[in-house]
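Working notes for the structure below.
Protein chains: 2
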Amino acid sequence: MLALVFDGDARMQDIPIPDRQPGEALIRVLSAGICNTDIEILRGYMEFNGIPGHEFVGIVEESDNKDLRGKRVVGEINCPCGRCRLCRLEMPHHCRERSVLGIHNRNGAFAEYLTLPDANLLVVPGSIPDDVAVFTEPTAAACRIPEQITISPEDRIIVLGDGKLGLLVAQVLWLHSKHLVCVGKHPEKAEILQKLRIATAHCGEPIEGGADIVVDATGSRDGLGCALQLVRPEGTVVLKTIVADTAALDLTVPVIDEVTILGSRCGPFRPALEALILGNVEVRPMITETFPLSEAPHALKRAADPDVLKVVLHM
Amino acid sequence: MLALVFDGDARMQDIPIPDRQPGEALIRVLSAGICNTDIEILRGYMEFNGIPGHEFVGIVEESDNKDLRGKRVVGEINCPCGRCRLCRLEMPHHCRERSVLGIHNRNGAFAEYLTLPDANLLVVPGSIPDDVAVFTEPTAAACRIPEQITISPEDRIIVLGDGKLGLLVAQVLWLHSKHLVCVGKHPEKAEILQKLRIATAHCGEPIEGGADIVVDATGSRDGLGCALQLVRPEGTVVLKTIVADTAALDLTVPVIDEVTILGSRCGPFRPALEALILGNVEVRPMITETFPLSEAPHALKRAADPDVLKVVLHM
Chain A
1 MLALVFDGDA RMQDIPIPDR QPGEALIRVL SAGICNTDIE ILRGYMEFNG
51 IPGHEFVGIV EESDNKDLRG KRVVGEINCP CGRCRLCRLE MPHHCRERSV
101 LGIHNRNGAF AEYLTLPDAN LLVVPGSIPD DVAVFTEPTA AACRIPEQIT
151 ISPEDRIIVL GDGKLGLLVA QVLWLHSKHL VCVGKHPEKA EILQKLRIAT
201 AHCGEPIEGG ADIVVDATGS RDGLGCALQL VRPEGTVVLK TIVADTAALD
251 LTVPVIDEVT ILGSRCGPFR PALEALILGN VEVRPMITET FPLSEAPHAL
301 KRAADPDVLK VVLHM
Chain B
316 MLALVFDGDA RMQDIPIPDR QPGEALIRVL SAGICNTDIE ILRGYMEFNG
366 IPGHEFVGIV EESDNKDLRG KRVVGEINCP CGRCRLCRLE MPHHCRERSV
416 LGIHNRNGAF AEYLTLPDAN LLVVPGSIPD DVAVFTEPTA AACRIPEQIT
466 ISPEDRIIVL GDGKLGLLVA QVLWLHSKHL VCVGKHPEKA EILQKLRIAT
516 AHCGEPIEGG ADIVVDATGS RDGLGCALQL VRPEGTVVLK TIVADTAALD
566 LTVPVIDEVT ILGSRCGPFR PALEALILGN VEVRPMITET FPLSEAPHAL
616 KRAADPDVLK VVLHM
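Protein sequences, first through last, are from chains A and B.
Take the first sequence: its letter number 294 is residue 294 in the numbering used here, and every next letter is one higher.
Take the second sequence: its letter number 142 is residue 457 in the numbering used here, and every next letter is one higher.
See below:
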């Protein structure tokens with residue numbers, strides 16, 4: 001099969017179709033989305049070697065579960081051991097022995113085929129196009145926030161960052177409170193939210209602070225410092241940003257103001273898919289460009305361009 | 316009256332007894348404790364000029380409230396405006412217009428007299444000696460933690476730091492879970508906890524990580540980084556440390572592990588005084604030395620010594 005393989009350098013290779021392990025399904029990939037994490041992986045993040053890619057929709061070609069065979073699916077990317085203390089504490093996505101699709105110890109979705117445990121798969125209704133279903137994983141990451149904190153309709157929310165994740169977070173949280181503004185740098189990205197009647201601001205403008213919840217989805221090392229200036233005492237800053245380098249941080253104010261800083265990563269697939277089915281989250285305007293799998297190295301370079309939102313590979 | 320006045324330099328002065336404002340009481344100070352914040356103030360923290368000191372017990376000499384006159388009291392140090400959004404949201408201790416006894420815009424307790432609003436005062440039962448009552452404020456700071464987070468008897472807790480606050484935090488949280496260890500540098504401080512059957516460890520020893528809750532009461536810029544290494548995924552780090560300088564911090568792990576970092580400051584006086592009344596918190600072994608008010612400048616120097624725990628002034 002054709003696959004993008006990264007071993008310090010990313011290039012297309014013809015490699016064998018993977019063998020599925022017991023309890024796993026073999027999935028023929030239809031579409032795969034490129035995420036910032038993929039770009040970071042190509043910069044050395046997680047020291048991952050293999051096939052990157054973790055946002056996908058595909059067809060189950062082989063599985064011991066007849067309810068899955070031939071079905072179009074999306075898949076939860078964390079593959080936990082199921083036996084350790086964290087798995088028993090119902091935190092399988094934090095299992096220290098886990099593999100993660102295209103991120104850690106498991107080949108990913110920038111290929112014609114991948115394998116994942118049956119238990120990770122969710123069947124996608126026929127009404128949802130591939131280019132929408134492929135957004136389930138990043139939408140789930142946005143849906144993680146209301147799973148972690150209670151959001152009331154009165155809460156003032158500021159989302160920092162108008163990248164792929166920022167736009168999804170803004171849309172998902174807007175379902176919980178309309179007192180939301182997304183702050184970014186790119187008028188053309190802001191426009192996607194404006195069409196949905198979601199307020200936006202340019203990061204050069206003065207922003208009214210004192211927000212109950214501020215989400216850092218900037219992907220920048222300065223994001224947290226900025227968020228801490230905008231949150232109210234006893235408010236919450238949700239950290240969605242992963243950056244490789246360390247940030248110098250003055251923690252006096254968060255202690256005096258008793259701010260909660262909450263890390264947030266992967267999220268629940270079911271409510272994410274539901275939001276896509278109901279049209280509560282609009283994703284197609286976020287696709288800047290599509291490429292065939294054979295052009296994946298070029299597509300990855302394109303996805304790293306600051307003006308670009310989602311780049312999707314079609315297999 | 317005699318008072319320690321700080322204006323870049325700390326020295327004893329003879330100044331007029333303060334006038335109480337409407338709704339305030341005039342209090343004759345009996346004892347005052349020296350806190351790390353006082354030491355930081357003398358280093359320029361909060362740019363405070365005036366009389367420092369915020370841990371005290373005293374006698375109400377004047378008040379419009381007859382239930383307070385002549386009574387021995389302790390006092391909540393935050394004096395909010397009562398009118399702003401944060402006061403209306405029941406977060407008066409975060410009021411932006413507040414004065415804070417001996418810390419911000421209000422003369423403090425290293426003097427023969429001080430004034431505080433009647434509403435801030437709590438009468439101390441006769442059974443409690445001055446040298447115990449003077450610990451109400453720092454004990455309240457420790458009691459703030461169970462007010463902010465739910466602690467179950469099964470939770471594994473690590474308290475980092477065996478200073479004044481660390482020892483109080485360890486004692487207060489130990490009431491909530493016995494799976495607690497306090498990590499410090501000083502065997503003689505650890506002994507105070509050991510006598511109460513609270514586990515201790517030396518910070519050179521390897522500490523078992525994966526704790527549900529880690530409290531940083533180190534007062535050191537490295538405390539948070541250390542706490543983040545010891546907390547489990549989806550666990551909580553409580554930040555009690557205020558340091559003037561910024562810390563370089565790798566936030567990748569707290570995001571991936573979805574850790575909550577929670578700032579924690581002043582706390583509730585009533586449960587603190589109750590813990591002292593019931594003997595649930597043992598404070599007298601923490602008094603290293605007492606000085607008369609006239610020797611306050613020397614007492615402050617002594618309190619900054621790493622081997623010293625609480626220094627108390629007697630008026």
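In this text, a Cβ means the ideal position worked out from N, Cα and C, and glycines have one as well.
* Name, please, each residue of chain D whose Cβ falls closer than 9 Å to the Cβ of B:I557. => As a matter of chain content, chain D is missing from the structure shown, whose protein chains are A and B.
* Endpoints, the alpha helix (DSSP H) within which B:H629 is located -> Here residue 629 of chain B refers to the residue found at position 314 when the second sequence is read from its first residue. That residue, B:H629, is in no alpha helix (DSSP H); its beta strand (DSSP E) goes 625 to 629.
* Among the residues of its own chain, which have a CB less than 8 Å from the CB of A:H298, if the five just before and after it don't count? -> Stepping through the first sequence from its first residue, residue 298 of chain A is reached at position 298. Correct list, in chain order: F291.
* Asked: Looking only at C-alpha atoms, which of A:G44, A:K240, A:K195 sits nearest to A:D7?
  -> As a position in the first sequence, residue 7 of chain A is number 7, starting the count at 1. The shortest Cα separation from A:D7 among A:G44, A:K240, A:K195 belongs to A:G44.
* Which of helix, strand or coil does DSSP assign to A:C182? -> As a position in the first sequence, residue 182 of chain A is number 182, starting the count at 1. For A:C182, the secondary structure class from DSSP, reduced to helix, strand or coil, is strand.
* **Status (buried if at least 16 other CB within 10 Å, exposed otherwise) for A:E137** => Along the first sequence, one-based indexing puts residue 137 of chain A at 137. Buried, because 16 or more other Cβ atoms sit within 10 Å of the Cβ of A:E137.
* **Of the listed residues A:L68, A:T139, A:R144, nearest to A:C35 (C-alpha basis)** => Within the first sequence, the letter at position 35 stands for residue 35 of chain A. Closest in C-alpha terms to A:C35, from the list A:L68, A:T139, A:R144, comes A:T139.
* Asked: For B:N393, which residues does DSSP report across the bridge?
  -> Residue mapping note: residue 393 of chain B aligns to position 78 of the second sequence, counting from 1. B:V415, per the DSSP bridge assignment.
* To do: With DSSP collapsed to three states, give me the class of B:L345.
  => Taking the first residue of the second sequence as 1, we reach residue 345 of chain B at position 30. It is a strand residue.
* Spatial neighbours of B:H409 in its chain, beta-carbon cut-off 6 Å, leaving aside the 5 residues before and after -> Start at 1 with the first residue of the second sequence, and residue 409 of chain B comes out as number 94. L401.
* To do: Inspect the beta-carbon positions of B:I466 and B:P600 and report whether they are closer than 8 Å.
  => Indexing the second sequence from 1 puts residue 466 of chain B at position 151. Indexing the second sequence from 1 puts residue 600 of chain B at position 285. Contact: no.
* Anything in chain B within Cβ reach of A:I261, meaning under 7 Å, just list it in chain order. => Within the first sequence, residue 261 of chain A is the residue found at index 261, counting from 1. Under the 7 Å cutoff, chain B gives I576.
* To do: Give the residues of chain B in contact with A:M91, contact being defined as C-beta atoms less than 8 Å apart.
  => Mapped onto the first sequence, residue 91 of chain A falls at position 91. Under the 8 Å cutoff, chain B gives P548, E549.
* To do: May I ask you to report which of helix, strand or coil DSSP gives A:T139?
  => Translated into positions along the first sequence, residue 139 of chain A becomes position 139. DSSP places A:T139 in helix when its eight states are reduced to three.
* 6 Å Cβ shell around A:T218 - same chain, five flanking residues per side excluded -> Numbered from 1 along the first sequence, position 218 holds the residue referred to as residue 218 of chain A. Closer than 6 Å at Cβ, skipping near neighbours: L160, G161, T241.
* **Segment limits, beta strand (DSSP E) that includes B:P607** => Against the second sequence, residue 607 of chain B aligns to sequence position 292. That run of the beta strand (DSSP E) goes 602 to 607.
* To do: Count the other C-beta atoms from every protein chain shown that fall within 10 angstroms of the C-beta of B:R403, then say buried if there are 16 or more, exposed otherwise.
  => In the second sequence, counting from the first residue as 1, residue 403 of chain B sits at position 88. Exposed, because fewer than 16 other Cβ atoms sit within 10 Å of the Cβ of B:R403.
* Pick from B:E391, B:F425, B:L545 that is closest to B:V354, judged by C-alpha positions -> Here residue 354 of chain B is taken as the residue at index 39 of the second sequence, counted from 1. The question names Val, but residue 354 of chain B is Ile in the sequence shown. Considering only alpha carbons, the answer is B:F425.
* To do: Alpha carbon to alpha carbon, how far is A:R106 from B:K479? Give it in angstroms, no decimals.
  => To locate residue 479 of chain B, count along the second sequence from 1; it is residue 164. To locate residue 106 of chain A, count along the first sequence from 1; it is residue 106. Each residue's alpha carbon lies about 49 Å from the other.
* Spell out whether any CB of chain B is found under 8 Å from the CB atom of A:H298. => Position 298 of the first sequence, counted from the start, is the residue given in the question as residue 298 of chain A. Closer than 8 Å: no.
* Would the beta-carbon of B:A340 fall within 8 Å of that of B:D433? -> Within the second sequence, numbered from 1, the residue matching residue 340 of chain B stands at position 25. Within the second sequence, numbered from 1, the residue matching residue 433 of chain B stands at position 118. Cβ atoms of B:A340 and B:D433: closer than 8 Å.
* **A:L86: contacting residues in chain B (beta-carbon distance under 8 Å)** => Along the first sequence, one-based indexing puts residue 86 of chain A at 86. Per Cβ cutoff of 8 Å: R547, P548.
* Closest Cα partner of B:M406 within the set B:G582, B:L593, B:A618, B:E604 -> Walking along the second sequence from the start, residue 406 of chain B turns up at place 91. Out of B:G582, B:L593, B:A618, B:E604, B:G582 has the C-alpha closest to the C-alpha of B:M406.
* In the DSSP assignment, find the alpha helix (DSSP H) that holds A:E40 and state where it starts and stops. => Within the first sequence, residue 40 of chain A is the residue found at index 40, counting from 1. Run containing A:E40: 36 to 42, per the alpha helix (DSSP H) assignment.
* Asked: Residues bridged to B:A514 by DSSP?
  -> Counting from one through the second sequence, the residue named residue 514 of chain B turns up at place 199. DSSP lists B:V496 as partners of B:A514.
* Asked: Using the beta-carbon count (16 or more within 10 Å), is B:G499 buried or exposed?
  -> The residue labelled residue 499 of chain B in the question sits at position 184 within the second sequence. By the 10 Å Cβ count, B:G499 comes out buried.
* Asked: Which class does A:E295 belong to by DSSP, given the choice of helix, strand or coil?
  -> The count along the first sequence starts at 1 and reaches residue 295 of chain A at position 295. If DSSP states are grouped into helix, strand and coil, A:E295 belongs with the helices.
* Contact list for the segment 149 to 180 of chain A against chain B, Cβ threshold 7 Å -> none
* Candidates A:G223, A:K195, A:V123, of which the one nearest B:L566 by Cα -> Counting from 1 along the second sequence, the entry for residue 566 of chain B is found at position 251. For the residues A:G223, A:K195, A:V123, the minimum Cα distance to B:L566 belongs to A:G223.
* Does B:L416 come within less than 8 Å of chain A when only Cβ atoms are used? -> Against the second sequence, residue 416 of chain B aligns to sequence position 101. With 8 Å as the cut-off, B:L416 does not count as an interface residue toward chain A.
* Asked: Which residues share a DSSP beta bridge with B:E370?
  -> Here residue 370 of chain B corresponds to residue number 55 of the second sequence, with the count starting at 1. Under DSSP, B:E370 shares a beta bridge with B:G348.
* Applying the criterion that 16 or more other CB atoms from any shown protein chain within 10 Å of the CB defines a buried residue, is B:L577 buried or exposed? -> Taking the first residue of the second sequence as position 1, residue 577 of chain B is located at position 262. So B:L577 counts as buried.
* **Continuous alpha helix (DSSP H) stretch holding A:L276: start and end** => Locating residue 276 of chain A in the first sequence gives position 276, where the first residue counts as 1. Taken as a continuous stretch (DSSP letters only), the alpha helix (DSSP H) holding A:L276 covers 269 to 277.
* **Residue range of the unbroken alpha helix (DSSP H) whose run includes B:E549** => Taking the second sequence and counting its residues from 1, the one referred to as residue 549 of chain B is at position 234. Careful: B:E549 lies outside any alpha helix (DSSP H), inside the beta strand (DSSP E) at 546 to 554.
* Asked: Since B:V439 contacts B:R384 with CB under 8 Å, what's their CB separation in whole angstroms?
  -> To locate residue 439 of chain B, count along the second sequence from 1; it is residue 124. To locate residue 384 of chain B, count along the second sequence from 1; it is residue 69. In this structure B:V439 is not in contact with B:R384, their Cβ atoms being roughly 15 Å apart against a cut-off of 8 Å.
* To do: Could you confirm whether any beta carbon from chain B is found closer than 8 Å to the beta carbon of A:S264?
  => The count along the first sequence starts at 1 and reaches residue 264 of chain A at position 264. Yes - at least one Cβ of chain B is within 8 Å of the one on A:S264.
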